[in-house]
């Protein structure tokens, strides 16, 4: 609270003018509590937003990890399928070759 606020009885926080000095002091106490409450609410809101952002980031990381894992699994499956095809071709070749001899 400024000293000039006592002279003109104007609230530094909200800018209201007051005639009786007693009302002015009561208002200042109330206004400061409201200001503190607003600041606390803003802090809580920011904290909640940060937590939500961190949660989204974690979900994104997990999705990327899962995608990579699935891609690797798919690649390995393709390799395994390719290997079985090669084995089958090889087996059929040897079978055909045996028949020719």
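Residue numbers (the working numbering): 9 to 109. The beta carbon of each residue, even a glycine, is placed where N, CA and C say it ideally should be.
Three-state secondary structure (DSSP) of residue i
i, result
"residue 26", "coil"
"residue 13", "Below a pLDDT of 50, predicted positions are generally treated as unreliable, and residue 13, at 43, falls in that range; no measurement from the model is reported."
Length of the line joining the Cα atoms of residue i and residue j
i, j, result
"residue 49", "residue 56", "10 Å"
"residue 9", "residue 27", "With a pLDDT of 46 at residue 9, under the threshold of 50, the modelled position of this residue cannot be trusted, and the question is left open."
"residue 46", "residue 58", "18 Å"
"residue 39", "residue 54", "22 Å"
"residue 31", "residue 22", "14 Å"
"residue 42", "residue 73", "46 Å"
"residue 76", "residue 63", "20 Å"
"residue 36", "residue 52", "24 Å"
"residue 71", "residue 34", "55 Å"
"residue 68", "residue 60", "12 Å"
"residue 17", "residue 66", "52 Å"
- Query: Where in the region 60 to 89 do unbroken runs of the alpha helix (DSSP H), each at least 4 residues long, occur, reported from the N-terminal end onward?
  - Reply: Whole alpha helix (DSSP H) segments, 4+ residues: zero.
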